[in-house]
Amino acid sequence: MWSPISSTLIYGNRDAILVDPVTTVRQAAAPVEWVESFDRNLTTIYVTHGLGDQWFGLATIPERFPKARPVATPAVVEHMSKQMEPSFVESFWPPVPRPDPAPHRPAAPPHRRRRDHGR
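Residue numbers for the sequence shown follow UniProt numbering, so the first one is 1 and each next one is one higher.
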């Protein structure tokens with residue numbers, strides 16, 4: 001049903017970072033379950049680009065890791081915002097039952113942070 005896509009999990013002794021939480025509820029749950037099974041703390045979720053197939057699953061992660069912080073570059077946040085527009089979401093998720101559904105609603109994009117570099 002979906003083209004091959006992937007997430008990357010970067011982990012250390014205590015913490016983990018998830019790169020691209022992918023699309024569906026099941027896809028986003030798999031790396032989160034791994035983090036939990038090895039008693040790691042998910043601290044950060046990095047979204048590499050704004051296409052929804054790489055981040056719509058972000059909506060499911062705060063249920064299990066409420067302190068995990070989503071991050072993205074300003075350009076990616078802008079693209080994510082466009083992918084959240086109702087007309088796009090409705091065209092991407094037609095009302096068809098799926099064995100591995102998308103979240104009922106995509107997560108909001110990460111907030112943009114301005115760097116002032118000491119100025």
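Using N, Cα and C, we set each Cβ at its ideal position, and we do this for glycine too.
query	result
On the CB-based measure, 16 or more other CB atoms within 10 Å of its CB, does G12 come out buried or exposed?	exposed
Would the beta-carbon of L51 fall within 8 Å of that of Q27?	no
Taking 7 Å as the cut-off, is the CB of T60 close to at least one heavy atom of the ligand MN?	For the ligand MN, the structure offers nothing, since it holds no ligand at all.
Going by the CB atoms, is the gap between Q54 and T60 shorter than 8 Å?	no
Would you kindly report the start and end of the unbroken beta strand (DSSP E) that includes P4?	Taken as a continuous stretch (DSSP letters only), P4 belongs to no beta strand (DSSP E), as it is neither H nor E.
Taking DSSP as the reference, what is the three-state secondary structure of L18?	strand
Whose C-beta lies closer than 7 Å to the C-beta of R40 among residues of the same chain, with five residues either side of it excluded?	Y11, R14, D15, A16
For S6, which residues in the same chain have their Cβ closer than 8 Å to its Cβ, ignoring the five residues on either side in sequence?	D20, V22
What distance in whole Å lies between the Cβ atoms of R64 and G36, which are believed to be in contact at a cut-off of 8 Å?	Note that residue 36 is Glu in the sequence shown, not Gly. The pair is a contact, with the Cβ atoms about 7 Å apart (cut-off 8 Å).
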